[in-house]
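Enquirer: Here the protein sequences line up with chains A and B, keeping their order. Here the first sequence is numbered in the numbering used here, starting from 187 and rising by one per residue. Here the second sequence is numbered in the numbering used here, starting from 353 and rising by one per residue. By construction, the Cβ of each residue, glycine as well, lies at the ideal position given by its N, Cα and C atoms. Note that the structure is a prediction, hence the values are computed from the model and not measured. I have a structure I would like to understand better, so I am pasting it below and will then ask my questions one at a time.
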Amino acid sequence: MIKNFFYSLVAILFFSQLSSQSILADTPDGAKAFIEDLGRRAINSLTKPDVSQEQLESNFEKLLNEGFDVPGIARFVMGRYWVQMNDEQKERFVPLFKARLKKSYANRFQAYRGVVFVVKDARQEKDHVIVSSTIQKPGEALTPVEWRVAGGKIHDVKVEGVSMSITIRDEYNALVQSNNRNIEKFMSMIAGSVQ
Amino acid sequence: MRFCLLKHGLLVATLIELGILSSGPIVANTIPEATPLSASQNEVNQSPSADLTSSASQEFSSDEGPNDPLEPLNRFVFSINEILDFALLRPVAEIYRAVTPDPLKRGVSNVLDNLFAPVSFLNHIFQGEPERATVTLFRFLLNSSIGFLGISDFASDRGYPRYDTDFNQTLITWGIDTGPYLVLPLLGSSSFRGTAGFVADYYADPLNIYLNNHHHWKYHYWLTVRYGFDMLRNREKVIETIDNLRSGSFDFYITMRSIYFQRQAYLAEKLKSAKSPEVAKEEQTRVTS
């Protein structure tokens, strides 16, 4: 009885903390702290030398789950075709999209070894916060990076004005079109690329 | 053909030979251009302010695709560029990176940047930015003299930031739309406006005018060297970036086109806010860092 009560208490505390973190991340200061923490952890875990591919992908997935609104981004990148997909396709697409992100991005962080990541400021824009930061590779110019944070999660990353979500959306929309707007064919392509 | 090559330098002559005068970014999107200040449909579609959290039906109802009526031709030129990049430009950029010490690379970049300063000066005037024009002119005079023909960026060290601009940006400030997307031989992603900007800058450049007014081959050789090195240094900076984009894309052409239009919009945004003290301060920090 006491044990159950203790577990319940821990669970309540844990979830209430998560919830308050989400709420905090929606304020400019909270979003700044959230991005600072995530960036520091990404640099620590994804730029380590001598890490196996599996470990790298696992670290990336962990950060992806914790920091990014993957279902929201998945919906966005499908553009106008999202509304044409049935529920079963939508359900299948989200994990496929996550696997694709993992495959495409996990290795890229190796090039960021030794970078200096600085979070500069954050501003409220309607229902989200834009966090501005810079990344500087040794001997190179500063690269401005903006993070769109809402609901305690990242919805988009823009590097020098180039949005990850919009770039993927443009590509996916063109792919669906080139497959005669056949969502199944498109999804087969995505599935094939992550195997 | 030979005369033409000598007359204008290999790069521009090749484009003229192909009937397409060039513009814009050297090596596929490494240099930002811009979309118009007035919101065209294309700009709205590419707008980074698209709300990712609103409902899907509202979000994407205005998505009518990119401004790319010449896509078949663009794809053809793009594929030729890919072959040239794979066989020539990327390997040479790798060699350049491997054999050139960083101080020398910096020196080469400084010289090239300094050579483009007169064009920036003219464009700042066209954009109604006398302060930036003055700083750019002053930098050019300082770096060309005390900076040993621009090898050293003496002016930045003395607190005079670099304000690069071009005629494409001037056209943005005049409210001119990008026009259709255009892939240029060797130069990569551009647009009708970007092409016009490049041509205007080329023919307004005092050094180009001087070199083109001499009919001896060695003057035109220097033109080729100038633009060749400019292309090389820009390609060297983005070896990994391009590799990553290429390997992570199903359709690299679409990816590059998307990035091009987004950077156009980004540059237009930056130009809009360029007069704010925060932006000027930020630019200064970037230059001196």
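1. Taking Cβ-Cβ distances below 7 Å as the criterion, which residues of the region 285-300 of chain A are in contact with chain B?
2. Does the structure place the region 567-581 of chain B close enough to the region 260-274 of chain A that three or more beta carbon pairs sit under 8 Å?
3. Could you spell out the range, first to last residue, of the alpha helix (DSSP H) harbouring Y605(B)?
4. With 9 Å set as the bound, which would you pick, yes or no: does the beta-carbon of T353(A) sit closer than that to a beta-carbon of chain B?
5. Have a look at the DSSP bridge pairing and note the partners of V305(A).
6. Identify whether A327(A) lies in helix, strand or coil by the three-state DSSP scheme.
7. Taking 9 Å as the threshold (beta carbon to beta carbon), is D509(B) in contact with chain A?
8. Could you tell me which residues DSSP puts in a beta bridge with Q310(A)?
9. Using the Cα positions of D215(A) and N251(A), report the straight-line distance between them to the nearest angstrom.
10. Buried or exposed for K284(A), please, with buried defined as at least 16 other CB atoms from any protein chain shown within 10 angstroms of its CB.
11. Determine whether the Cβ of E326(A) lies closer than 9 Å to any Cβ atom of chain B.
12. Can you name the residues that DSSP bridges to E332(A)?
13. Over what stretch of residues does the beta strand (DSSP E) that includes L534(B) continue unbroken?
14. Given a threshold of 16 other Cβ atoms within 10 Å of its Cβ, counted over all protein chains shown, does L436(B) qualify as buried or as exposed?
15. Which residues in the same chain as Q363(A) place their Cβ atom closer than 8 Å to its Cβ, once the five residues preceding and following it in sequence are excluded?
16. How about E483(B): is its C-beta nearer than 9 Å to some C-beta of chain A?
17. What do you get for K382(A), buried or exposed, if any count of 16 or more other CB atoms within 10 angstroms of its CB means buried?
18. Reducing DSSP to helix, strand and coil, say where K218(A) ends up.
19. Under a Cβ-count criterion, where at least 16 other Cβ atoms within 10 Å of its own Cβ denotes burial, should A308(A) be classed as buried or exposed?
20. What residue from R227(A), Y358(A), L224(A) and T233(A) has the CA that sits closest to N293(A)'s CA?
21. At what residues does the beta strand (DSSP E) containing S238(A) begin and finish?
Expert: In brief:
1. S290, R294 and A297
2. no
3. F604 to K624
4. yes
5. S319(A)
6. coil
7. no
8. V315(A)
9. 22 Å
10. buried
11. yes
12. S318(A) and K344(A)
13. Y533 to L536
14. exposed
15. none
16. no
17. The question about residue 382(A) has no answer here: the residues shown for chain A are numbered 187 through 381.
18. helix
19. buried
20. T233(A)
21. Segment: none, S238(A) is in no beta strand (DSSP E) and carries neither H nor E.
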